[in-house]
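Structure first, then comments.
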Amino acid sequence: MPHLKRMPLVPPYIASLRPYEAGRGIEEVQREYGLTRVSKLASNENPLGPSPAAVEAMRRSMDKLNLYPNGGLDLRRVLAEKFDLKIENVIAGSGSEGIMSNIIRTFLCDEDEVLTTEAAFIGFQVLAKSRGIAYRTVPYRDWHYDLPALARAINERTKIVYLANPNNPTGTFFSKHEFDDFYRQVPERVLIILDEAYFEYAKDNPRYPDSMHYRYDNVITLRTFSKIYGLAGVRIGYGFAHETLIANLLKVKLPFEPSSVAQAAGIAALSDREFLHRSLELNARGLKFFTAALRELGFEVAPSDANFVMLVLRSEDCAAGLTRELLSQGIIVRPLASFGLPNCIRISTGTDEENQHCVEAMSNLRALVS
Ligand SMILES: Cc1ncc(COP(=O)(O)O)c(C=O)c1O
């Protein structure tokens, strides 16, 4: 029909989107640089590997792979019991990003706006922008979410406010007191996503607001097995919210997500206390070591309560140069240009040896940044 105006096949907001770039893989870097020893400190993964209890449970679940999964029902039941909630308040999905994607598909209409911090977690940025709605941000204040500024920025079109606590990529968190002040200013019609992917690392800090201690009707908490439980490759996460929110998310969720293997892994990991303990100890040591040693070398390091630190460099060139130099010495870190922080890099905590390897390499690269 030649009289009709031709619509582009790809909507402009998709065409202009930069796809999520995963960190570089160990084998790829070994091949490219001819190295045997490579430390991957780029994706906030657990350096101890997966929870052994989860691996065993996945093995056992293999016998039933001919059967369709039950949509996360077993994991929801276990989580409800553990956190003293009703099953109707719990959802399980393919990683917390899987649930985030469902939130975006379930609640956003074309005229709605999403509000968050500048340089928010890249996974959320990509998902929200792919919906073609207005995406608004406010700047960080000292590398923390500026909650008062976010509260002021809410308007009648704001539907979702996204907060990651602790935050990726800065590693900082906001306190219970700060969140309470913020929450009082948020209209009930606005949905707050509280992304607690790094909750386990921060929960023992007395200022950290564990969102399970207060449940609001317009707050959805997201958590994951990808970090402390070492199951990033399995894709399993969960969320807590008011039953009406969960009921609507369940309508949109892929019916057979999460997989039965992922669900079995999640259930087993929850009770693997020994692994959890070892992982927390290693991370606490790594954070302390990186923060002190890198500051000693003269780097600006944001205070972190997660499993990584963020370094602020003088310029984009310094950040790119440091990333390249470290890579050539077998250390993969995360440059943050794609997040929107071109002069910053993020380094995940690794094993004690990997952390040492990284600091040794950095000590030879001081000239690059001072
Ligand atoms: C803040 C934040 N949320 C969510 C995720 C993704 O978690 P999942 O693997 O459960 O999708 C990450 C992973 O890096 C993250 O940093």
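Numbering-wise (the working numbering), the sequence shown opens with residue 770 and increments by one.
Virtual Cβ for every residue (Gly too), placed ideally from N, Cα, C.
These numbers were taken from a predicted model, which means no experiment stands behind them.
Query                                                                                                         : Result
Whole-Å CB distance - MET1079 paired with ARG1115, under 8 Å assumed                                          : 5 Å
THR885 and VAL955 closer than 8 Å at C-beta                                                                   : no
LEU963, DSSP secondary structure in three states                                                              : strand
Local Cβ density within 10 Å of ALA1041, reported as buried at 16 or more and exposed below that              : It is worth fixing the name first, because residue 1041 is Asp in this sequence and not Ala. Result: buried.
Cβ-heavy atom distance, GLY1035 to ligand 1, below 7 Å                                                        : no
Residue closest to TYR967, alpha-carbon to alpha-carbon, out of ASN1076, SER1117, ILE1100 and ASN1124         : ASN1076
Minimum C-alpha distance to GLU857 - residue among ARG958, ARG992 and GLU1012                                 : GLU1012
Sequence-ordered residues whose beta carbon comes within less than 6 Å of a heavy atom of ligand 1            : ASN813, GLY864, SER865, GLU866, PHE890, GLY892, ALA933, ASN937, ASP964, ALA966, THR993, SER995, ALA1001 and GLY1006
Three-state secondary structure assigned by DSSP to ALA1089                                                   : helix
Min CB distance GLN1098 to chain C below 8 Å                                                                  : Absent from the structure is chain C; it holds one protein chain and no more.
Proximity to GLY1008 [Cα-Cα], best of PHE1025, THR990, GLY803 and LEU1023                                     : THR990
Cβ-based neighbour list, ARG780, same chain, cut-off 8 Å, excluding 5 preceding and 5 following               : According to the sequence provided, residue 780 is Pro. The question's Arg does not apply to it. Answer for PRO780: GLY901, listed in chain order.
Simplified DSSP state of LYS1020, which is helix, strand or coil                                              : helix
Contiguous beta strand (DSSP E) assignments of at least 3 residues, all confined to the segment 927-971       : 927-933 and 960-964
Secondary structure of PHE1077, DSSP reduced to three states                                                  : strand
Spatial distance of LEU1023 from PHE876 (CA atoms)                                                            : 16 Å
Start and end residues, alpha helix (DSSP H) containing LEU848                                                : 842-851
Sub-8 Å separation of ALA741 and PHE1068 beta-carbons                                                         : Missing from the structure shown is residue 741; the chain here goes from 770 to 1139 and no further.
Segment limits, beta strand (DSSP E) that includes ILE860                                                     : 859-862
Nearest candidate by alpha-carbon position, reference SER863, set LYS1057, LEU1105 and GLY1006                : GLY1006
Backbone CA spacing between LEU1063 and ILE961 [nearest angstrom]                                             : 35 Å
Outcome for SER865 when other beta-carbon atoms lying within 10 angstroms are tallied against a minimum of 16 : buried
8 Å Cβ cutoff met for GLU969 and ILE997                                                                       : yes
Residues near PRO1104 by beta carbon distance below 7 Å, same chain, minus five either side                   : ALA1088, ALA1089, THR1092 and ILE1114
6 Å Cβ shell around ALA1001 - same chain, five flanking residues per side excluded                            : GLU814 and SER995
Through-space distance from PHE1025 to MET827, alpha-carbon basis                                             : 17 Å
Three-state secondary structure assigned by DSSP to ALA903                                                    : strand
Reduced DSSP secondary structure (H/G/I, E/B, other) of LEU1134                                               : coil
Residue from VAL1102, SER1048 and GLU1129 whose Cα sits closest to the Cα of LEU810                           : VAL1102
LEU854 versus THR927 - alpha carbon distance                                                                  : 29 Å
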